[in-house]
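Down below is the structure, laid out as C-alpha cells.
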Amino acid sequence: MHEFSIAVSIVELSEIEARAVKATAISRLVLEIGTMAGIEFEALDTALDAAKQHTMLHNAEIVVEKVQAMTSCDDCGHKFEINDFLSPCPQCGGYYNEVFCGKELKIKSLVAET
Ligand SMILES: [Zn+2]
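Residues 13 to 126 (my numbering) are what the sequence shown spells out, left to right.
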C-alpha cells in the first residue's frame with residue numbers, strides 16, 4: 013500500500029511550506045492528482061486521514077482534484093481520454109506513446125494559519 017508513504021510525503025512537504033511562512037497550522041490543502049498517477053484515490057483519502065494526525069494538518073480540509081488523463085494518437089493526432097495504457101485510439105484504432113496529462117501528483121495550494 014504505497015498510498016500511505018505518499019500521504020506522509022504530502023504531509024511533510026506541506027509542513028515545510030507552512031513553516032517557511034512561519035505558520036502554526038494548515039487549514040486547507042488542495043492536491044492535484046492525475047487519474048493515471050498510479051494512485052488509488054480512496055486509499056489515499058484514508059491514508060491522508062491517518063497521516064495528518066499530530067501534524068500541522070490535523071484540522072485541515074484536504075481536497076483532491078482529479079486530473080483526467082489525456083493522450084493523443086500517434087497516427088491521426090486525435091486527442092482522447094484514457095484510463096489505462098492499452099486502449100487504442102477511438103478514431104482510427106492507432107496507438108500512442110505519450111500521456112500528456114493525468115500523471116501529476118502535486119500540491120496545488122495550501123492555506124496556512126499564523
Ligand atoms: Zn488515431
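Virtual Cβ for every residue (Gly too), placed ideally from N, Cα, C.
Residue i Cβ short of 8 Å to ligand 3 heavy atom set
i    : result
C113 : Annotation note on ligand 3: not contained in the displayed structure, which lists ligand 1 as its ligands.
Option nearest residue i by Cα separation, candidates the options
i    : options               : result
L122 : K78, E73, E93 and Q80 : E73
N109 : P100, E116 and L117   : P100
G105 : E44, D87, V42 and I18 : D87
H14  : C85, Y107 and T58     : T58
F16  : E54, K120 and H70     : E54
Nonlocal neighbours in the same chain, by C-beta distance under 6 Å from residue i, ignoring five residues either side
i   : result
I94 : A81 and T83
F92 : P102
A49 : K115 and L117
M68 : E27, A30, A37 and I38
Euclidean distance between Cα positions of residue i and residue j
i    : j    : result
L60  : A19  : 5 Å
V76  : D96  : 20 Å
E27  : L98  : 38 Å
G197 : V111 : There is no way to answer for residue 197, as the model of the chain reaches only from 13 to 126.
E52  : R40  : 21 Å
C127 : Y107 : Any question about residue 127 goes unanswered here, given that the chain covers just 13 to 126.
V79  : T47  : 6 Å
N71  : A63  : 12 Å
Q65  : C113 : 32 Å
Cβ distance (whole Å) where residue i is taken to contact residue j below 8 Å
i    : j    : result
A30  : I38  : 5 Å
V42  : A124 : So it is not a contact: roughly 13 Å between Cβ atoms.
I119 : L25  : 6 Å
Chain-order list of residues whose beta-carbon lies under 8 Å from that of residue i (same chain, five-residue window excluded)
i   : result
A35 : M68, A124, E125 and T126
Under 5 Å from any heavy atom of ligand 1, by CB: list those residues in chain order, please.
-> For ligand 1, the selected residues are C85, D87, C88, H90, C101, Q103, C104 and G106.
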